[in-house]
Amino acid sequence: MSARMDSEYPFFFGPGSELFGLYHPASGRANKAALLCPPWGQDHIRCHRLYRQLANALAAEGCAVLRFDYYGTGDSAGTSAEVDWDRCIADTCAAADELRARSGAQHVVAFGARLGGSIALAATTRARLADVVVWDPVVDGCAYIKQLDAMQAALRQDPHRFVEPRAVDETAAQWLGFAISPRLRHQLADLRPDTAGSPSLVLDSLPPTPAHRWKGLVAAHAKVKELHPFTPWDDLRRLEQAILSHPLIQAVTHHWQGGR
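For the sequence shown, my numbering assigns the number 1092 to the last residue and increments by one with no breaks.
This is the structure:
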C-alpha cells in the first residue's frame, strides 16, 4: 500500500466501537507497525501535534502507525471521570490487535509519553508488543498524584486565569480541567517501576533532580537518551502551549530503523 506522508484514516474500533483511532499506512509495504499510546489530560492535548508528526515520520519510513484514544479520553466514548487504569491497558491491547489486522504486520512496537509510556509498559505482555520506547514515563504514581494536586491547587487560584479564586469544592475532583475518579487516584498511587515492563529506550527530558531516577525501570539492554531542552510538563505558565520536540522524533525513528 502506498500513501502520502500525511495520510491518516479515522475510524472507531474495539468493544462496541467505543474507541477512536487514526491509522497512518506505511509509505510502501509495512515492515513493522507502531502503536502510539497517548498520555492523559493536559499532556494528551499538548502532545497531540507531536504525536501526529511522529506518526507521519514513522509512516514515511515504512512503518504503519495507529494513534488512538483510551475509553473516556479524546474522541473515544466515555468521560474523563470514567477513565480506568485497567481499561486503558485493555484498550491498548485492542489497539495493538487492530493495528495488526489493518497493517498485516505482526511486529508491533509502541511509544508512549508520560502516563502513556507507563500504560504501554504495563500492557507489553498482554498486547504482545515487540518493543517499547518511552518518553519521561511516570514511574512513581504517588509523586505524579502529588504534582497534579499541587498544579490543580495553583490553577484554582491563578490570577492570570481567574478574576478570583475558584471554590475548592468546584475543582476538588479535577486535575487541570479533567474530572477524575477516586478509583483512578487509587490505581495510580499503586504505580511503581517494578510493575511495568522494560523499555529498550527511555527518552529523558526531565530536569535533573535527586528524586529523578530510572532505576527499577531500565534493564541492562536498555538505553537512556537525554533530550534538550527540558520539557515543561509541570510548568503552569505554559499549560496551554503545545509540546514539540524534533529531537524526539529523530530519536524514535532512528531507533526503530535499527540505529540502536
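Just so it is clear, CB atoms sit at the ideal spot from N, CA and C, and this is done for glycine as well.
Quiz item: In terms of DSSP beta bridges, what is Asp1036 paired with?
Solution: Glu1058
Quiz item: When we look at the beta-carbon of Phe994 and count the other beta-carbons within 10 Å, is it buried (16 or more) or exposed?
Solution: exposed
Quiz item: When the Cα atoms are used, what is the spatial distance from Gly860 to Ala887?
Solution: 15 Å
Quiz item: Could you check where the beta strand (DSSP E) with Pro842 kicks off and where it finishes?
Solution: Tyr841 to Phe845
Quiz item: Trp967 and Leu1035: beta carbons closer than 9 Å?
Solution: yes
Quiz item: Opposite Tyr855 in the DSSP bridges: which residues?
Solution: Tyr841 and Leu898
Quiz item: Roughly how many whole angstroms lie between the Cα atoms of Gln984 and Tyr976?
Solution: 12 Å
Quiz item: Is the shortest distance between the beta-carbon of Gln1089 and the beta-carbons of chain D less than 9 Å?
Solution: Looking at the structure shown, chain D is missing, and only one protein chain is on hand.
Quiz item: In chain order, which beta strand (DSSP E) runs of at least 3 residues are fully inside the region 914-998?
Solution: 940-945 and 963-967
Self-check item: DSSP state of Arg862 mapped onto helix, strand, coil
Solution: The amino acid occupying residue 862 in the given sequence is Ala; Arg does not appear at that position. Reduced to three states, the DSSP call for Ala862 is coil.
Exercise. With DSSP as the reference, please indicate the residues paired to Gln1006 in a beta bridge.
Key: Ala1011
Practice problem: Report the three-state DSSP secondary structure of Leu890 (helix, strand or coil). | Solution: helix
Quiz item: Could you check where the alpha helix (DSSP H) with Ala1083 kicks off and where it finishes?
Solution: His1078 to Trp1088
Quiz item: Between the Cα of Tyr902 and the Cα atoms of Gly894, Pro870 and Asp929, which residue gives the shortest distance?
Solution: Pro870
Quiz prompt | Cut-off 8 Å between Cβ atoms - residues of its own chain near Ala1083, not counting five sequence neighbours on either side | solution = Leu1033, Leu1035, Lys1057 and Leu1059
Quiz item: For Asp875 versus Ser1013, is the C-beta distance shorter than 9 Å?
Solution: no
Quiz item: Under the rule that 16 or more other beta-carbon atoms within 10 Å means buried, what is Asp981, buried or exposed?
Solution: exposed
Quiz item: Less than 9 Å separating the beta-carbons of Phe845 and Ala926?
Solution: yes
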